[in-house]
Amino acid sequence: MKNILEIEESIRAGYRKKIWKKFVKAVQDFELIEDGDRIAVGVSGGKDSLLLCKLFQELKKDRSKNFELQFISMNPGFEAMDIDKFEQNLKDLEIDCTIFDANVWQVAFDQDPESPCFLCAKMRRGVLYKKVEELGCNKLALGHHFDDVIETTMINLFYASTVKTMLPKVSSTSGKLQIIRPLVYVKEQDIKSFMKSNEIEAMSCGCPVESDKTDSKRKEIKILLEELEQKNPNIKQSIFSAMKNINLDYILGYTRGNKNDR
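Residues in the sequence shown are numbered consecutively from 1, following the UniProt record's numbering.
Structure representation (structure tokens):
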């Protein structure tokens, strides 16, 4: 890993256009940060969350907004998770992160050994939200990027029979917390390039079934999009833009919350 000064300088220099400006634009466009916010940044140890931490640290230096930061990470009980490497990365990147344990994986596996992923994800989300609220934070920032938005949109369309995307800002079910996604304009390939350029070795979450079952539907969509990009390099941007340009007069039916409008 390069030294911390080089890494931080690269955010506003070499990756100013592809990452920094897109991060700032998302914050402004969707009003993700307000004065007085206490923001918890979820840290998995992967490339997306590590970059998000550094971007927030850089933004705080600007003092354009008066907000507080808290970096948190949950160990869901994955035995394969390399905690030592994770903590070393945090130290080298100067990310002061609170790590807490939650044995949700074992509980989910015991209840559904064949397919524990859905329950595990639901439980992890619930435990994380509760921890964020306990810390007195009103927002939780997650590292979902541009490609995640596109893939989620396509998965919903192809497999869930619904036109629904991943929003940059959404309230939790309880209404006590807002989930924000400041990387929605940042492309995954640019995040990978940033990590490689700065010699940062991100890690996987350590999920025991990740290598075998990593969201097979998402893999299918990734492959499909790669094929479509060969014919139309702007296909992802078109899909993203479509989610901001829906003409309800030409939709067979839609809902607002639990209400059917047509």
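Yeah, the Cβ is synthetic: ideal placement off N, Cα and C, and Gly gets one too.
Taking just the CA atoms, how far does Leu119 sit from Ala242?
-> Here residue 242 is taken as the residue at index 242 of the sequence shown, counted from 1. Here residue 119 is taken as the residue at index 119 of the sequence shown, counted from 1. Roughly 31 Å between the two C-alpha positions.
Straight-line gap, Leu32 to Ile251 (C-alpha atoms, nearest Å) = Taking the sequence shown and counting its residues from 1, the one referred to as residue 32 is at position 32. Taking the sequence shown and counting its residues from 1, the one referred to as residue 251 is at position 251. Rounded to the nearest angstrom, the two C-alpha atoms are 29 Å apart.
Helix, strand or coil for Arg12, going by three-state DSSP, please let me know.
-> Sequence index remark: in the sequence shown, residue 12 carries index 12 (1-based). It is helical.
Ends of the alpha helix (DSSP H) at Ile221?
-> Residue 221 sits at position 221 when you count from the first residue of the sequence shown. Per DSSP, the unbroken alpha helix (DSSP H) holding Ile221 starts and ends at 216 to 231.
By Cβ distance, which residues of its chain are closer than 6 Å to Lys47, with the 5 residues on each side in sequence left out?
-> Start at 1 with the first residue of the sequence shown, and residue 47 comes out as number 47. So the list reads Ile191, Met195, Ala202, once near-sequence residues are dropped.
Buried versus exposed call for residue 288 [16 or more other C-beta atoms within 10 Å across all chains shown] = Missing from the structure shown is residue 288; the chain here goes from 1 to 262 and no further.
With 16 other Cβ atoms within 10 Å as the buried cut-off, status of Tyr185 = For this step, residue 185 is matched to residue 185 along the sequence shown. Classification of Tyr185: buried, given that the 10 Å Cβ count is 16 or more.
Per the contact definition of three or more C-beta pairs closer than 8 Å, is the segment 214 to 230 in contact with the segment 56 to 71?
-> Verdict: no, contact absent.
Quick one: Cα of Tyr159 to Cα of Glu6, how far?
-> Position 159 of the sequence shown, counting from 1, holds the residue named residue 159. Position 6 of the sequence shown, counting from 1, holds the residue named residue 6. One C-alpha to the other measures close to 43 Å.
Cβ separation of Ile179 and Leu142, assumed to be a contact under 8 Å, to the nearest whole Å | Numbered from its first residue, the sequence shown carries residue 179 at position 179. Numbered from its first residue, the sequence shown carries residue 142 at position 142. Indeed they touch by this definition, with Cβ atoms about 6 Å apart.
Near Phe67, which residues of its chain fall below 8 Å by C-beta distance, leaving aside the five closest residues on each side in sequence?
-> The residue given as residue 67 occupies position 67 in the sequence shown. For Phe67, where only same-chain residues beyond five positions count, the Cβ hits under 8 Å are Ile33, Glu34, Asp35, Gly36, Asp37, Arg38, Ile39, Lys60.
Close beta carbons around Thr162, own chain, < 7 Å, minus the five adjacent residues each side = Translated into positions along the sequence shown, residue 162 becomes position 162. Same-chain partners within the cutoff: Asn156.
Under the assumption that Lys22 contacts Asn198 (Cβ atoms under 8 Å), give the Cβ distance between them as a whole number of angstroms.
-> Reading the sequence shown from its first residue, position 22 is the one you call residue 22. Reading the sequence shown from its first residue, position 198 is the one you call residue 198. Rounded, the Cβ-Cβ distance is 18 Å, inconsistent with contact.
By Cβ distance, which residues of its chain are closer than 6 Å to Glu229, with the 5 residues on each side in sequence left out?
-> The sequence position of residue 229 within the sequence shown is 229, counting from 1. Taken in chain order, the residues that qualify are Ile235.
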